[in-house]
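Numbering (the UniProt record's numbering), first residue to last: 1 to 118. Notes follow the structure.
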């Protein structure tokens, strides 16, 4: 169990980084989740390491789950008063741009990329 944030912190304490295979798995699984959400006209808006949960089935079999749906918004009717963790938000959301809904799905992708870069 735990979150991606917990795993990152554990690795930092050991002076390690997440290996490329783990990052690719997270990217693949989260991309599938976001693709489904975006096709359903929904954006998460608060993607960050603490909102990606680890579910272990065996020592070598882990599934990553996107959690904290408290900021999920309908893309087509997004209002600029939604706030997530500004460390992982796209600038368009931070600046509360009125045209943000035009690329809100891309803002989720930006946040995922930043999450995996950390």
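Using N, Cα and C, we set each Cβ at its ideal position, and we do this for glycine too.
Kindly indicate which three-state DSSP category residue i falls into: helix, strand or coil?
{"i": "residue 18", "result": "coil"}
{"i": "residue 85", "result": "coil"}
Ignore the nearest five residues each way along the sequence and tell me which others in residue i's own chain have a CB closer than 6 angstroms to its CB.
{"i": "residue 106", "result": "none"}
{"i": "residue 67", "result": "51 and 53"}
{"i": "residue 62", "result": "54 and 56"}
{"i": "residue 90", "result": "107 and 110"}
{"i": "residue 29", "result": "64"}
{"i": "residue 4", "result": "49 and 52"}
Give me whichever residues DSSP pairs with residue i in a beta bridge.
{"i": "residue 52", "result": "66"}
{"i": "residue 61", "result": "58"}
{"i": "residue 73", "result": "43"}
{"i": "residue 3", "result": "53"}
Take the Cβ of residue i as the centre, count every other Cβ of all protein chains shown within 10 Å, and call the residue buried at 16 or more, exposed below.
{"i": "residue 65", "result": "exposed"}
{"i": "residue 96", "result": "exposed"}
Could you check how far apart the C-beta atoms of residue i and residue j are, in whole angstroms? I think they sit under 8 angstroms.
{"i": "residue 75", "j": "residue 46", "result": "Actually they are not in contact, since the Cβ atoms of residue 75 and residue 46 sit about 15 angstroms apart, beyond 8 angstroms."}
{"i": "residue 116", "j": "residue 26", "result": "6 angstroms"}
Here's a check: name, in chain order, each residue in its chain whose Cβ is nearer than 8 angstroms to the Cβ of residue i, leaving out the five neighbours to either side.
{"i": "residue 94", "result": "86"}
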